[in-house]
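Written out below as structure tokens is the structure these notes cover.
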Amino acid sequence: MNLIQIFGRKLSTEIPKRIIKNVEGKPFVVHETEFAGVTQRWNYRSEIVKRDKLDHKHKYIWMIFAGLSACGFVAFALIKTQVIEGRKEEMLAREKLRRDLKLSGEERKKIGPISNNLN
Numbered sequence: 002m003n004l005i006q007i008f009g010r011k012l013s014t015e016i017p018k019r020i021i022k023n024v025e026g027k028p029f030v031v032h033e034t035e036f037a038g039v040t041q042r043w044n045y046r047s048e049i050v051k052r053d054k055l056d057h058k059h060k061y062i063w064m065i066f067a068g069l070s071a072c073g074f075v076a077f078a079l080i081k082t083q084v085i086e087g088r089k090e091e092m093l094a095r096e097k098l099r100r101d102l103k104l105s106g107e108e109r110k111k112i113g114p115i116s117n118n119l120n
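Residue numbers (our numbering): 2 to 120.
So this is what it looks like as structure tokens:
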């Protein structure tokens, strides 16, 4: 569609007609209700959607959403694992330094996080 058709459709005063394509296959169940002697035939929206497979494209949207959610969870788990391992390594380095300096009691608390930047 080009822009002229799109704007022409938006600016027109005609009421758009909805065309429902009939898909051959399962028989379509029609409900009937009688009001004041007039029989009204109708269907639930979900029945029309299932019969004509109108939600078929939405299936792919949900599949993509599930895939992205799984990727996000895996990325979170990997990063969290790296952070925990890094903290354990820093803790072991501090503990080794405390043992090398033979610190005990209150002196042990003086050694904090080890910085790689030496000034």
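Here a beta-carbon is modelled for each residue, glycine too, at the ideal position from N, C-alpha and C.
- By DSSP's assignment, Gln83 forms no beta bridge with any residue.
- Counted as a single uninterrupted DSSP element, the alpha helix (DSSP H) harbouring Arg46 occupies residues 46-53.
- Across the structure, Arg95 and Met64 are spaced so that their CA atoms are roughly 47 Å apart.
- Taking the CA atoms as reference points, Glu107 sits about 22 Å from Arg88.
- Take the alpha-carbon of Arg42 and the one of Val31: they are about 6 Å apart.
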